[in-house]
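Novice:
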Amino acid sequence: MRQNEYLYKKKCLTTKTLTAVAVFFLCSLMAVKGVAQTGGQTVDALVEMGFENVGWTEDADERVYVLQNSAYRLQGVGIGKAVDVIQEMGLPEDKPCRVIVMDNYVPQISLYYHPIKGDTVSTAERRDWNVSYELQGSWKKVRKVKKKNRSLFKVDIVVYPDLSLQNLVITQVYTVLFNLDPTIEVSLWKGAKLNAQVIIPIYNEYGPSYGQVRQGYIGLTQQVRLPYNTFLTAAIGSFNNSRWGGDLSAVHYFKDERFSVEGRIGYTGRSRFVNWRWKVSPLKRLTWTLGGGFYWPKYNTQFKLKVEQYLLSEKGVRFEMTRNFRYTSIGFYAMKVQHAGNKGYNGGFRFQVNLPPYKYKRRGYIPRILPSRSFGLAYNAGNERYYGKSYSATLGNTIAQENSLNPYFIKSELLNF
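The sequence shown begins at 1 in my numbering and counts up by one.
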């Protein structure tokens, strides 16, 4: 009798234990499935909005999202929209969340949210995200995760408006040159982009050589991110200001991310288009730049001081100040250059305006046709025509785009809009 009672109790205990284990296993499985659904659904929502290279991963320490804004003209607006979706879909409980923002598959900045234990506010807000160049170890976790809506090999046909004015004719206030420069831009491998541009004169008062349809930027650019918040960009091909050759530039952001140093070196020759023939001279001009910068977050203003060597081997010092707004960037510059007029002194201002449409969506691999991100002018107050001249090796290298992914600027966009 006692033996039967013992066997019965043992059987009951065994059944209860198995039931408890099964319930625990199912609850754990449902929790993991719920997390996976939340992360996967968030990725799908971001892809539906037009973001590219979207992926996610999660471990015991944090959840990490990665994305590239290809849907909104303004980076601050696009990143803000992405943060809103990630918050609405649900953040992980009792662990941080990081969002890594890429440009052409190269990680640029990250947004980091860390929940505070005992916080009475149950939902995160835009102001709770810290924006920085720092990626910590999060990039290693997510870099090999399969991305949805990849940008590789997708084509954009971008039309760049180009307006130039000069005051050299006594009988005319300004002579005008206006071009439209359609450009094919193709994302190749990670960080690489192929550009092929044609310059089409629309209105020309500069002379016969400016009236021909001719090549613009034609070449390959490659950007890589090095350790310690250092970005390296290489370019080969045909540049603006009638130059061709190779160019290498680098910028490093310090731990205090308001401060940075930059350097650049180029080896180029002259590139001309005469009588429908493209003529180039040997590579023999060495240009270089070495300088530092400071970003003033309160006013979203960038200051730079640089020592440079220009196209005629003359050297000079250049100071720049640029204030960034949501739709515009306005800047001033001052120079002291060897051999130039006005005892070498010159200066002026620059401005860039971001062009509409401010939202656009790509349909698969069908090429998009859209205007350039921004349009602007530079004013040369000293009217110096020969000395202190350089070139730009990459398309879109404007004061509006230079700080479009600056962490302080992105943070201000999250707070103010």
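Think of the CB as a built atom: it goes at the ideal place given N, C-alpha and C, for glycine as much as any other residue.
All of these numbers come straight from a predicted model, not from anything done at the bench.
(1) Nearest CA to the CA of Leu177: which residue from Ser187, Thr287, Val186 and Ser164?
(2) When the Cα of Gln215 is compared with those of Arg126, Leu248 and Asn179, which residue comes out closest?
(3) Give the range of the beta strand (DSSP E) segment to which Tyr387 is assigned.
(4) In whole angstroms, what is the alpha-carbon distance linking Tyr210 and Tyr217?
(5) On the premise that Pro367 lies in contact with Val155, defined as a C-beta separation below 8 Å, what is that separation, rounded to the nearest angstrom?
(6) Could you check if Gln68 is buried or exposed, using at least 16 other CB atoms within 10 Å of its CB as the buried criterion?
(7) Taking the C-alpha atoms as reference points, what is the distance between Ser372 and Ile116?
(8) Return helix, strand or coil for Asn324, following the three-state DSSP convention.
(9) Drop a sphere of 10 angstroms on the beta-carbon of Lys255, count the other beta-carbons inside from all chains shown, and report buried for 16 or more, exposed for fewer.
(10) DSSP three-state label for Thr42, please.
(11) Using only CA atoms, which one of Tyr333, Ser281, Phe325 and Arg326 lies nearest to Lys306?
(12) Tell me the rounded alpha-carbon separation between Ser28 and Lys148.
(13) What are the boundary residues of the alpha helix (DSSP H) that Gln75 is part of?
(14) Taking the C-alpha atoms as reference points, what is the distance between Thr183 and Val158?
(15) How about Glu62 and Pro107: are their beta carbons less than 8 Å apart?
(16) Thinking C-beta only, is Ser151 closer than 8 Å to Ser187?
(17) Run through DSSP, which three-state label would Thr408 get?
(18) What did DSSP end up calling Gln401 once you bin it into helix, strand or coil?
(19) By Cβ distance, which residues of its chain are closer than 7 Å to Phe273, with the 5 residues on each side in sequence left out?
(20) Put Arg285 into one of helix, strand or coil per three-state DSSP.
(21) Give me the Cβ distance between Leu232 and Leu226, rounded to the nearest whole Å; I'm assuming they're in contact under 8 Å.
(22) Near Asn241, which residues of its chain fall below 6 Å by C-beta distance, leaving aside the five closest residues on each side in sequence?
(23) With three or more beta-carbon pairs closer than 8 Å as the criterion, would you say the stretch 98-105 touches the stretch 346-360?
(24) State the Cα-Cα distance for the pair Asn406 and Gln75, rounded to the nearest angstrom.
(25) What first and last residue would you give for the beta strand (DSSP E) that runs through Ser138?
(26) Please state whether DSSP places Tyr133 in a helix, a strand or coil.
(27) Taking DSSP as the reference, what is the three-state secondary structure of Arg277?
(28) Output needed for Tyr206: all residues of its chain with C-beta closer than 7 Å, excluding positions within five of it in sequence on either side, in chain order.
Specialist: Looking at the coordinates:
(1) Among Ser187, Thr287, Val186 and Ser164, the Cα nearest to that of Leu177 is on Ser164.
(2) If we check each option's Cα against that of Gln215, Asn179 comes out closest.
(3) Counting along the chain, Tyr387 falls outside any beta strand (DSSP E), and DSSP gives it neither H nor E.
(4) Cα to Cα, the separation comes out at about 16 Å.
(5) Contact check for Val155 and Pro367: beta-carbon distance about 4 Å, within the 8 Å limit, so the pair qualifies.
(6) Buried.
(7) Roughly 42 Å between the two C-alpha positions.
(8) Three-state result, Asn324: strand.
(9) With a 10 Å radius around the Cβ and a threshold of 16 neighbouring Cβ atoms, Lys255 comes out exposed.
(10) The answer is helix: DSSP assigns Thr42 an H, G or I state.
(11) Measuring from the Cα of Lys306, the nearest candidate turns out to be Tyr333.
(12) Caution applies to Ser28, whose pLDDT of 39 falls short of 50 and renders its modelled position unreliable; the model cannot decide the point.
(13) Run containing Gln75: Gln75 to Met89, per the alpha helix (DSSP H) assignment.
(14) Each residue's alpha carbon lies about 5 Å from the other.
(15) If you check the CB distance, Glu62 and Pro107 do not come in under 8 Å.
(16) Going by C-beta atoms, Ser187 is nearer than 8 Å to Ser151.
(17) Note on residue identity: the sequence assigns Tyr, not Thr, to residue 408. Three-state DSSP puts Tyr408 in a helix.
(18) For Gln401, the three-state secondary structure derived from DSSP is helix.
(19) Only Gln212, Arg214 and Gln215 meet the Cβ criterion.
(20) For Arg285, the secondary structure class from DSSP, reduced to helix, strand or coil, is strand.
(21) A Cβ-Cβ distance of about 6 Å is found for the pair Leu232 and Leu226, placing them in contact under the 8 Å criterion.
(22) Exclusion of the five residues before and after Asn241 leaves Tyr391 as the residues of its chain whose Cβ lies within less than 6 Å of its Cβ.
(23) The stretch 98-105, when compared against the stretch 346-360, does not touch it at the 8 Å Cβ threshold.
(24) Roughly 10 Å between the two C-alpha positions.
(25) Ser138 -> not in any beta strand (DSSP E); alpha helix (DSSP H) instead, spanning Ser138 to Val142.
(26) Note: Tyr133 maps to coil in three-state DSSP.
(27) Three-state DSSP puts Arg277 in a strand.
(28) The answer, listed in chain order, is Thr175 and Leu177.
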